[in-house]
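Chains as they are written, first to last, in my numbering: chain G, 1 to 314; chain W, 315 to 628.
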């Protein structure tokens, strides 16, 4: 199996970038020095978009897909950092190369910034601001639990923000609903949380999409969710494996009656969920179909077809 | 009238703080140097709360009410910066005093911060972080328009985030819905935007509560809104003036049929809205009832009963 995390993780060669690196205003700096103004609208109005491309074994995974989505998000929010796609890819590559990280969570961000006109309350007056940062690969679920299967609670205390308030396809930092749900889950000793929408349909969790296997068919929610690149990868893998897929609404009661549940995320790939609420799936282990998709996912992560290798200076 | 903005605004005595000041980690610094880490959860999860107390003519207005609300917000989000209420008031006072601002927008903020445990995805592991900043008094509506009446568009493209996703009583930076609405309004040359909820009820706008006068009765929305201190002030003023008040749902169609509309905000007080969508109110001027409430509001802003004077070092 290719998921020998400890073997593959290579520490940053320089102490300077051990915790992470950032690209800001044309320079690569240690992450501890990377900050944004306390009155930037990206912070005070959460008027900001981002994307995260994983680096694995020294190469970006599907970076063109991530850049596509990042540019679509910026367009939807009418953000324009005056940087070309080629320049942004160059910046990400340079930053990761200098950091030395072979496995990394690489974030690209565009914020509304600050108004060019003093006192303006008009978002059209702001100078939009691009920056980027990378840290050692982030696991949405701890690596030891990733293999055996995590537990998730379907939140009762909060509903996912609806699509007509915040468009979930535009990757955003509006995580207040997830945070309330995470507290509910963590207080009951679940690893993570799943949110439902106003109509009781399963949506997504903090940083991941959700899948279920029922009678051999792969099901994933249609609305209230990010169009995850890992989700897209899972759907393509399923197609290749001849697994029937359905993208549609799933009620909580149906999810609890399925055979296998897993999540997809750039921060860990395909991760089995062995328990949802009180319900145990696949005898509390990774289900057979999930395992097959998971294996293929890691094969793809290491496949030249999906990778863009990074030339490291260190 | 007490709203002679230009006469009352006194520039910061020192160039150093002309744009603003901040209090961070025990020190008062120029606002241009005040920033938070790019990976602070206050930014990347908008896991943060804030409050804004106005300083007018060298004194805080109703600072105890603002501190009450700030502590309630922190409690609701399970944020604890390990600072007493007295200490926070002391910090705000010291910062404004050093800034020299006699009229100021004074922001107090508590962010989730960064995890104490590397790689943790659990909000309970974070070191919560308090900071504060102040800038010259912010006008939600430009001062020249504040007097004659602003225009507002009821957004069609977006709905206010529901209370069961993000609790609006907890003052928050989840402004993505307002931002979409603001673009819609500004593109059609309206000064600001009003959002409706999923059921078509009027809620609030970016930084203000909404009121209407109908047949002499003051009406303001019940749900989907912040419990504004300025809103509370308006309700108390109305009571003092013998104006009947109703806190209840208002449909868009009803709002457009009322006699006067105004907004309340710490950033400008009571501001007439002379036009909503295509509908003109009070012949495009400040209505008579609004004007009476507005006058009283500014009397209160200057009244010792509601003020806490600041001792300025400059």
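Positions of the beta carbon are idealized from the N, C-alpha and C atoms, including for glycine. If you're wondering where the values come from, they're calculated on a predicted model, not measured in any experiment.
Item: For residue 390 of chain W, collect the residues of the same chain with a Cβ closer than 6 Å to its Cβ; drop the 5 residues on either side in sequence, then sort them by chain order.; Value: 484
Item: Look at the Cβ atom of residue 452 of chain W, then the Cβ atom of residue 487 of chain W, and state whether they are nearer than 9 Å.; Value: no
Item: Beta-carbon within less than 7 Å of residue 309 of chain G's beta-carbon, same chain only, minus the 5 sequence neighbours each way: which residues are those?; Value: 58, 59
Item: Assuming residue 360 of chain W contacts residue 37 of chain G (C-beta within less than 8 Å), just tell me the rounded distance between them.; Value: About 16 Å; that fails the 8 Å criterion.
Item: Please report the distance separating the alpha-carbon of residue 126 of chain G from that of residue 299 of chain G.; Value: 44 Å
Item: Leaving out five residues before and five after residue 394 of chain W in sequence, what residues of the same chain have Cβ atoms less than 6 Å from its Cβ?; Value: 442
Item: Excluding five sequence neighbours on each side, which residues of the same chain lie with their C-beta closer than 7 Å to the C-beta of residue 12 of chain G?; Value: Residue confidence is low: residue 12 of chain G scores 43 on pLDDT, short of 50, so the model does not pin down where it sits. Its coordinate-derived value is still stated next. For residue 12 of chain G, where only same-chain residues beyond five positions count, the Cβ hits under 7 Å are 18, 99, 100, 101.
Item: Taking 9 Å as the CB-CB cut-off, is residue 34 of chain G touching chain W?; Value: yes
Item: Counting Cβ pairs, one atom from each stretch, are 3 or more of them under 8 Å apart for the region 460-478 of chain W and the region 428-435 of chain W?; Value: no
Item: Pull the bridge partners of residue 593 of chain W from the DSSP assignment, please.; Value: W:590
Item: Just by C-beta distance, which residues in the region 330-341 of chain W are closer than 9 Å to chain G?; Value: 333, 334, 336, 338
Item: In chain W, which residues lie less than 8 Å from residue 177 of chain G when you measure between Cβ atoms?; Value: 479, 480
Item: Mind checking which residues open and close the beta strand (DSSP E) that includes residue 291 of chain G?; Value: No beta strand (DSSP E) holds residue 291 of chain G; the alpha helix (DSSP H) holding it covers 288-301.
Item: Suppose you measure from the CA of residue 30 of chain G to the CA of residue 96 of chain G; what does that come to, to the nearest Å?; Value: 12 Å
Item: Does DSSP classify residue 321 of chain W as helix, strand or coil?; Value: Note that residue 321 of chain W has pLDDT 41, beneath the 50 cutoff, so the model's placement of it is unreliable and the number below is only indicative. Helix at residue 321 of chain W.
Item: I believe residue 252 of chain G touches residue 154 of chain G by the beta-carbon criterion, under 8 Å. Please report the beta-carbon distance rounded to the nearest angstrom.; Value: 5 Å
Item: Using a beta-carbon distance below 9 Å, is residue 133 of chain G in contact with chain W?; Value: yes
Item: In this structure, does DSSP put residue 2 of chain G in helix, strand or coil?; Value: With a pLDDT of only 42 at residue 2 of chain G, under the threshold of 50, the placement of this residue in the model should not be trusted; the figure read from the coordinates follows. Three-state result, residue 2 of chain G: coil.
Item: Using a Cβ-Cβ cut-off of 9 Å, state whether residue 436 of chain W counts as contacting chain G.; Value: yes
Item: Along the beta strand (DSSP E) that carries residue 54 of chain G, what are the first and last residues, could you check?; Value: 48-56
Item: Less than 9 Å between the beta carbons of residue 227 of chain G and residue 201 of chain G, yes or no?; Value: no
Item: Looking at C-beta atoms only, is the number of pairs between the region 540-558 of chain W and the region 588-598 of chain W that lie closer than 8 Å three or more?; Value: no
Item: Could you check the C-alpha separation between residue 5 of chain G and residue 143 of chain G for me, to the nearest Å?; Value: Reliability fails at residue 5 of chain G, whose pLDDT of 41 lies under 50, so the model's placement of it is uncertain and no value is given.
Item: Between which residues of its own chain and residue 268 of chain G is the CB-CB distance below 7 Å, once the five residues before and five after are set aside?; Value: 139, 140, 141, 146
Item: Between which residues of its own chain and residue 258 of chain G is the CB-CB distance below 8 Å, once the five residues before and five after are set aside?; Value: 212, 213, 214, 219, 281
Item: Let me check one thing: in DSSP terms, what residues is residue 338 of chain W bridge-paired to?; Value: W:341
Item: Please check if any C-beta of chain G sits within less than 9 Å of the C-beta of residue 394 of chain W.; Value: no
Item: Would DSSP call residue 148 of chain G helix, strand or coil?; Value: helix
Item: What residue range does the alpha helix (DSSP H) around residue 243 of chain G cover?; Value: Here residue 243 of chain G belongs to no alpha helix (DSSP H), and DSSP marks it neither H nor E.
Item: From this set, G:87, G:261, G:242, G:243, which residue's C-alpha is nearest residue 250 of chain G's C-alpha?; Value: G:261
Item: Any idea which residues DSSP pairs residue 523 of chain W with across the strands?; Value: W:578
Item: Taking CB distances under 9 Å as the criterion, tell me whether residue 410 of chain W reaches chain G.; Value: no
Item: In this structure, does DSSP put residue 310 of chain G in helix, strand or coil?; Value: coil
Item: Would you list the one or two residues that DSSP bridges to residue 427 of chain W?; Value: Its beta-bridge partners do not exist; DSSP assigns none.
Item: Could you check whether residue 356 of chain W and residue 463 of chain W sit closer than 9 Å to each other, using their CB atoms as the reference points?; Value: no
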